[in-house]
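The UniProt record's numbering puts the first residue of the sequence shown at 1, with every later residue one more than the last. Backbone N, C-alpha and C fix where the C-beta goes; we use that ideal spot for every residue, glycine too.
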Amino acid sequence: MHLNVSQQMKMSQQMKLAPRMIQSMEILQLPLAALQERIDQELSENVVLEQVTKKDEQSSNSSNDEASVDEAPRGEIEKQELGDDNSNNASDFERLVEISQEWPEDNYTSGSKPSSNRMQDDLDRQHDVMANAENRPKTLHEHLLEQFHCDTPSRLQEFGDYLIHNLDANGRLQSSLPELVQVFGARIDLEDAEETLRIVQSLDPPGVGARDLKECLLLQMTPTTPLREIMVNLITNHLDDILQNRLPLIERKTGYSMDAIKSAIEQMRTLDPFPGRGFENPEVQAVTPDLRVVKDDNGKYTIELIDEYIPELRINRRYIKMLEANPDEATKEFIKKKVESAKWLIDSIEQRYNTLRKVAQTIVDEQTEFLELGPEHIKPLKMQDVADVVGVHVTTVSRAVDDKYVATPRGIFPLKRFFGGGTKTADGEDVAWENIRLKLKEIVDGEDKSSPLSDDALVAELAKHGYQLARRTVTKYRQAMNIPSSRQRREY
1 MHLNVSQQMK
11 MSQQMKLAPR
21 MIQSMEILQL
31 PLAALQERID
41 QELSENVVLE
51 QVTKKDEQSS
61 NSSNDEASVD
71 EAPRGEIEKQ
81 ELGDDNSNNA
91 SDFERLVEIS
101 QEWPEDNYTS
111 GSKPSSNRMQ
121 DDLDRQHDVM
131 ANAENRPKTL
141 HEHLLEQFHC
151 DTPSRLQEFG
161 DYLIHNLDAN
171 GRLQSSLPEL
181 VQVFGARIDL
191 EDAEETLRIV
201 QSLDPPGVGA
211 RDLKECLLLQ
221 MTPTTPLREI
231 MVNLITNHLD
241 DILQNRLPLI
251 ERKTGYSMDA
261 IKSAIEQMRT
271 LDPFPGRGFE
281 NPEVQAVTPD
291 LRVVKDDNGK
301 YTIELIDEYI
311 PELRINRRYI
321 KMLEANPDEA
331 TKEFIKKKVE
341 SAKWLIDSIE
351 QRYNTLRKVA
361 QTIVDEQTEF
371 LELGPEHIKP
381 LKMQDVADVV
391 GVHVTTVSRA
401 VDDKYVATPR
411 GIFPLKRFFG
421 GGTKTADGED
431 VAWENIRLKL
441 KEIVDGEDKS
451 SPLSDDALVA
461 ELAKHGYQLA
471 RRTVTKYRQA
481 MNIPSSRQRR
491 EY
C-alpha cells in the first residue's frame with residue numbers, strides 16, 4: 001500500500017450568513033416584550049444610539065433643516081450621513097434558510113458601561129419593584145411543616161421533615177416508606193416511620209402523604225361522609241372499573257343498586273385526587289399583542305402594528321459631527337463601530353416591522369371569514385402559501401409568526417392559530433381540520449349518552465356532513481380532544 005501526499009484545488013459554493021443577516025433574523029423572531037428588552041440593552045451599551053423623546057419631536061416642528069435631519073425617522077440619518085448601503089439587504093430574509101449551530105456568537109456592539117445616573121435609575125426601579133411586590137404565598141411544604149412541629153414528638157421531627165420534603169406538588173409521597181427509611185439511614189426504625197407518616201397524613205389539606213390514588217381518596221373520608229361504606233368498597237376494590245365506566249360489572253360484583261353506585265360515585269367527585277395543587281401559584285404571563293386588526297370604512301380588515309411601547313431610535317448627531325472633525329484613529333474606529341452597530345439595529349427593527357406587517361396582512365386576507373363569522377369558518381392555510389404571496393422564504397414566515405399575537409375583533413390569538421392543514425368535503429370544498437374537530441365535538445355533545453356513538457358511528461355521522469374520514473383519523477382527533485371512548489361516555 002502506497003501513501004501519497006498531494007495538493008488539490010476544489011471549487012465549491014457555500015452560503016455564509018453575514019452578521020447583519022443574523023441580527024435581522026434575531027430581531028424578526030423577537031416578540032414585543034423581548035424586543036423592548038433588546039432595545040433597552042442596546043441603549044445602555046451603545047453611546048451613539050439614542051431615543052427620540054417627545055421634547056425632541058416638538059422641537060423638530062419649529063427647528064431648521066439641520067434639526068430636521070437630526071429628527072429624521074428610523075434609518076434616515078445614517079443614509080444621509082454615511083451613505084446608503086442597504087442595496088444588498090433587500091433579500092436578507094430570503095437567504096435565512098438555515099443557521100449553523102456552530103456560528104460563533106459575536107457581540108456586534110462592544111458596549112460601554114452604563115452611566116452612573118442610568119445605573120442609579122435601574123437600582124431605584126428594582127427597589128420600587130421589591131417594595132411593592134406581594135408577599136409570597138406559603139408553599140405546601142411550609143404549610144405542612146408549621147402544622148407538623150406543633151405537637152409531634154421530637155424523636156420523629158427530623159424524619160417528618162424528610163417525609164414532607166419528599167412530597168411532590170400533588171401532595172403525594174414519591175417513594176415507598178421502607179425505601180425512604182433506607183435512604184434516611186438507621187436513625188429511625190420502621191415502626192416510628194409509620195407513626196410519623198400517620199401524623200403527616202393527618203395534616204391539612206386532607207389526603208396529603210398518600211402513596212397512591214386509593215389511599216389519597218380514603219384519607220379524605222370521615223365517619224360522617226355520606227355513603228362512606230359504599231365509597232370505601234368502591235375505592236378499595238373497584239376503582240379501575242369506575243374509571244372505565246364498568247358500572248354494570250360493579251353492580252353484579254357488589255350487589256349494590258345502580259342508583260346507589262351512581263350516588264357514591266357522585267359523592268367521590270367531591271374528593272380531591274391532588275390535594276397539594278391548591279398551593280401552586282403558577283405565574284400568569286400577560287399576552288401583549290404585536291398587531292391589531294381593524295376594519296376600515298370599506299369593510300376591509302387591515303393590520304396595524306402596536307409599536308407605541310417601542311421607542312423611536314436615532315443616531316446621536318454629536319458623534320456624526322465628531323467624525324466630521326477628523327479625530328484620532330482610535331476615536332474614529334470606536335465611533336464608526338458604534339454607528340454601524342446602531343445602523344444595524346435600526347434597519348433590523350424597520351425590516352421586522354415591514355415583514356411582520358406583510359405576513360400578518362396576508363394571513364388576515366386569507367382568514368376574513370374567521371374574523372367575520374367565527375373560528376368554525378377558519379380556512380386551511382399553510383406557511384408556504386403566505387411565503388409565496390409575500391415573496392419570502394417559508395422560514396421567514398415561521399420566524400415572523402413565532403410567539404407573536406394579534407388582537408382581533410374576536411379576541412387575541414397567536415398568529416400560528418391561523419395556520420393549519422385540511423381536507424376536502426364530498427363536494428370538493430376545502431375544510432380545515434379545526435372545523436372537523438368542532439363538528440366532532442358537536443356530534444359527541446348531542447349524542448344519546450345512554451347509547452353513545454362508537455368511532456365507526458362517528459365516521460358515519462361526519463360523512464353525513466360531507467367529511468369523509470378514516471376511522472383511525474377520527475380516533476386520533478377524539479383522543480387529542482380528550483373525548484372518552486363510547487364505553488366511558490355511556491350514562492347508566
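C-alpha gap between residue 168 and residue 193, whole angstroms: For the purposes of this step, residue 168 is taken as the residue at position 168 of the sequence shown. For the purposes of this step, residue 193 is taken as the residue at position 193 of the sequence shown. Going by the C-alpha atoms only, they are around 19 Å apart.
Three or more C-beta pairs below 8 Å linking the stretch 153–162 and the stretch 217–226: no
Could you say which of 314, 270, 207 lies nearest to residue 53 if we only look at CA atoms? On the sequence shown, residue 53 is found 53 positions in, with the first residue counted as 1. Of the candidates 314, 270, 207, the one whose C-alpha sits nearest the C-alpha of residue 53 is 314.
Is there contact between the stretch 361–379 and the stretch 330–338, where contact requires at least three CB pairs shorter than 8 Å? no
Considering only residues of the same chain and omitting the five flanking positions on each side of residue 246, which have a CB-CB separation below 6 Å? As a position in the sequence shown, residue 246 is number 246, starting the count at 1. So no residue of the chain qualifies.
CA-to-CA distance, residue 51 to residue 385, given in whole angstroms: Taking the sequence shown and counting its residues from 1, the one referred to as residue 385 is at position 385. Taking the sequence shown and counting its residues from 1, the one referred to as residue 51 is at position 51. Each residue's Cα considered, the two are about 38 Å apart.
What residues in its chain sit with their C-beta under 6 Å from that of residue 234, if we drop five residues either side in the sequence? Within the sequence shown, the letter at position 234 stands for residue 234. Here the set comprises 264.
Which residues bound the beta strand (DSSP E) around residue 302? Reading the sequence shown from its first residue, position 302 is the one you call residue 302. Residues 301–305.
Length of the line joining the Cα atoms of residue 41 and residue 310: Reading the sequence shown from its first residue, position 41 is the one you call residue 41. Reading the sequence shown from its first residue, position 310 is the one you call residue 310. Each residue's Cα considered, the two are about 13 Å apart.
Buried or exposed by the 16-neighbour rule on C-beta atoms within 10 Å, applied to residue 165: Here residue 165 refers to the residue found at position 165 of the sequence shown. With fewer than 16 other Cβ atoms within 10 Å, it is exposed.
Report yes if the C-beta distance between residue 200 and residue 163 is below 7 Å; otherwise report no. Counting from 1 along the sequence shown, the entry for residue 200 is found at position 200. Counting from 1 along the sequence shown, the entry for residue 163 is found at position 163. Closer than 7 Å, so yes.
Segment limits, alpha helix (DSSP H) that includes residue 193: Taking the first residue of the sequence shown as 1, we reach residue 193 at position 193. Counting along the chain, the alpha helix (DSSP H) containing residue 193 begins and ends at 190–201.
For residue 244, which of helix, strand or coil comes out of DSSP? Residue mapping note: residue 244 aligns to position 244 of the sequence shown, counting from 1. Residue 244 falls in the coil class under three-state DSSP.
Taking only three categories from DSSP, how would you classify residue 409? Translated into the one-based positions of the sequence shown, residue 409 becomes position 409. In this structure, residue 409 counts as coil in the three-state DSSP scheme.
Please classify residue 354 as buried or exposed, where buried requires at least 16 other C-beta atoms within 10 Å of its C-beta. Walking along the sequence shown from the start, residue 354 turns up at place 354. Exposed.
Could you name the residues of the same chain whose beta carbon sits closer than 8 Å to that of residue 139, not counting the 5 residues immediately before and after it, in chain order? The residue you call residue 139 lines up with position 139 of the sequence shown. Counting only Cβ-Cβ distances below 8 Å, and skipping sequence neighbours, we find 279.
With distances taken Cα to Cα, identify the nearest neighbour of residue 456 among 402, 397, 478. Here residue 456 refers to the residue found at position 456 when the sequence shown is read from its first residue. When only C-alpha atoms are compared, the closest one is 478.
Among residues of its own chain, excluding the 5 on either side of residue 467, which ones have a beta-carbon nearer than 6 Å to its beta-carbon? The residue you call residue 467 lines up with position 467 of the sequence shown. The answer, listed in chain order, is 436.
Ignore the nearest five residues each way along the sequence and tell me which others in residue 444's own chain have a CB closer than 6 Å to its CB. Looking up residue 444 in the sequence shown gives position 444. Within the same chain, residue 444 has close Cβ partners 483.
Taking the alpha carbon of residue 268 as the reference point, which residue from 256, 243, 287, 288 has its own alpha carbon closest? Taking the sequence shown and counting its residues from 1, one reaches residue 268 at position 268. The shortest C-alpha separation from residue 268 is found at 243.
Contact defined as beta carbons within less than 8 Å: I believe residue 492 pairs with residue 262. What is the distance between those atoms, to the nearest angstrom? Here residue 492 is taken as the residue at index 492 of the sequence shown, counted from 1. Here residue 262 is taken as the residue at index 262 of the sequence shown, counted from 1. Contact holds; Cβ gap of about 7 Å.
Exposed unless 16 or more other CB atoms sit within 10 angstroms - verdict on residue 351: Residue numbering aside, residue 351 sits at position 351 when the sequence shown is read from its first letter. Its Cβ being crowded by 16 or more others within 10 Å, residue 351 is buried.
Cβ neighbour criterion (16 or more within 10 Å) applied to residue 178: The residue given as residue 178 occupies position 178 in the sequence shown. Burial call: exposed.
To the nearest whole angstrom, what separates the beta carbons of residue 432 and residue 378, a pair I think is in contact under 8 Å? In the sequence shown, residue 432 corresponds to position 432, counting from 1. In the sequence shown, residue 378 corresponds to position 378, counting from 1. Correct: roughly 5 Å between the Cβ atoms.
As assigned by DSSP and simplified to three states, the class of residue 384: Along the sequence shown, read from residue 1 onward, the residue named residue 384 stands at position 384. In the structure shown, residue 384 sits in a helix (DSSP, three-state: H, G or I).
Can you tell me the Cβ-Cβ gap for residue 33 and residue 288, rounded? I've got them flagged as a contact below 8 Å. In the sequence shown, residue 33 corresponds to position 33, counting from 1. In the sequence shown, residue 288 corresponds to position 288, counting from 1. Confirmed, about 6 Å.
Run through the DSSP bridge pairs and tell me what residue 414 is partnered with. If you number the sequence shown from 1, residue 414 lands on position 414. Residue 414 pairs with 405.
Under a three-way DSSP split, which group does residue 230 fall into? Here residue 230 is taken as the residue at index 230 of the sequence shown, counted from 1. Helix.
Spell out the partners DSSP gives residue 458 in its beta bridges. In the sequence shown, counting from the first residue as 1, residue 458 sits at position 458. Paired residue(s): none; residue 458 is not in a bridge.
Cβ neighbours of residue 275 in the same chain (closer than 6 Å, five flanking residues each side left out): Within the sequence shown, the letter at position 275 stands for residue 275. 171, 205, 207, 208.
Is the beta carbon of residue 382 less than 7 Å from the beta carbon of residue 401? As a working note, residue 382 is residue 382 in the sequence shown. As a working note, residue 401 is residue 401 in the sequence shown. For residue 382 and residue 401, no; Cβs fall outside 7 Å.
In angstroms, rounded to a whole number, what distance separates the CA positions of residue 38 and residue 47? Here residue 38 corresponds to residue number 38 of the sequence shown, with the count starting at 1. Here residue 47 corresponds to residue number 47 of the sequence shown, with the count starting at 1. Using only the alpha carbons, I get a separation of about 15 Å.
Does the separation of the CB atoms of residue 380 and residue 411 fall below 7 Å? Counting from one through the sequence shown, the residue named residue 380 turns up at place 380. Counting from one through the sequence shown, the residue named residue 411 turns up at place 411. Going by C-beta atoms, residue 380 is not nearer than 7 Å to residue 411.
Among residues of its own chain, excluding the 5 on either side of residue 188, which ones have a beta-carbon nearer than 6 Å to its beta-carbon? Position 188 of the sequence shown holds residue 188. Within the same chain, residue 188 has close Cβ partners 159.
Measuring alpha carbon to alpha carbon, tell me which of 404, 195, 231 ends up nearest residue 306. Counting from 1 along the sequence shown, the entry for residue 306 is found at position 306. The candidate whose alpha carbon is nearest that of residue 306 is 404.
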